[in-house]
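A.B. asks: The working numbering puts the first residue of the sequence shown at 1, with every later residue one more than the last.
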Amino acid sequence: MELGLVLDASQSISFKNFRLIKKFCQHLVSSFEIDPDKTRVAVTLFAHEVYNESFGLNNFTTKEKLVEAIGKIKHRRGKYTKTFKGLRYLRKTQMSAQVVRSDVPKIAVVLTDGNSQK
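1. Could you give the DSSP three-state label for E2: helix, strand or coil?
2. Based on DSSP bridge pairs, tell me the residues matched to G78.
3. Hey, quick one: how far does the beta strand (DSSP E) through I70 stretch, first residue to last?
4. From which residue to which residue does the alpha helix (DSSP H) around V29 run?
5. Does the Cβ-Cβ distance between V29 and I70 come in under 8 Å?
6. When you compare only the Cα positions, how much space is there between S54 and S102?
7. In whole angstroms, what separates the C-alpha of L45 from that of Y51?
8. Cβ atoms of R40 and E2: under 8 Å apart, would you say?
9. First and last residue of the beta strand (DSSP E) that includes L57?
10. Among Q94, G4, K23, Q11, whose alpha-carbon lies nearest the alpha-carbon of I120?
11. Using three-state DSSP, classify R40 as helix, strand or coil.
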């Protein structure tokens, strides 16, 4: 499976709730076998832009390293919530046809407060 996690890091998400988002993601990925031939995970961090803390499907090949990396993601408290930017980055960069495996399911999970601005 190719799993894309799209995380809202805008100022409308409190630090407490951002920690909860990270804990949820850590718990979620812990339930899968993280391996280049099994489940691969990409994380996109966004607000009014996509942040460089994002990482792709090939960055982590063990569950432990992936869980650790998710735990280290910093809350950027960006100005606006532009969910489309996070989704577009995931689709065009991290989970593009050139990157994903064609024979496995592709799933995106978006974690946001639901208030997106244009």
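The beta carbon of each residue, even a glycine, is placed where N, CA and C say it ideally should be.
C.D. replies: Straight from the coordinates:
1. E2: strand per DSSP, three-state reduction.
2. DSSP output for G78 lists S10 as bridge partner(s).
3. Run containing I70: none in the beta strand (DSSP E); it sits in the alpha helix (DSSP H), 63-72.
4. From DSSP, the alpha helix (DSSP H) with V29 extends over 15-30.
5. Contact flag set, yes.
6. Roughly 23 Å between the two C-alpha positions.
7. Going by C-alpha positions, L45 is about 6 Å away from Y51.
8. In this structure, E2 places its C-beta atom within 8 Å of the C-beta atom of R40.
9. Premise fails: L57 is in no beta strand (DSSP E) and is neither H nor E.
10. In the structure as shown, the chain begins at 1 and stops at 118. Residue 120 is therefore absent and cannot be evaluated.
11. Three-state result, R40: strand.
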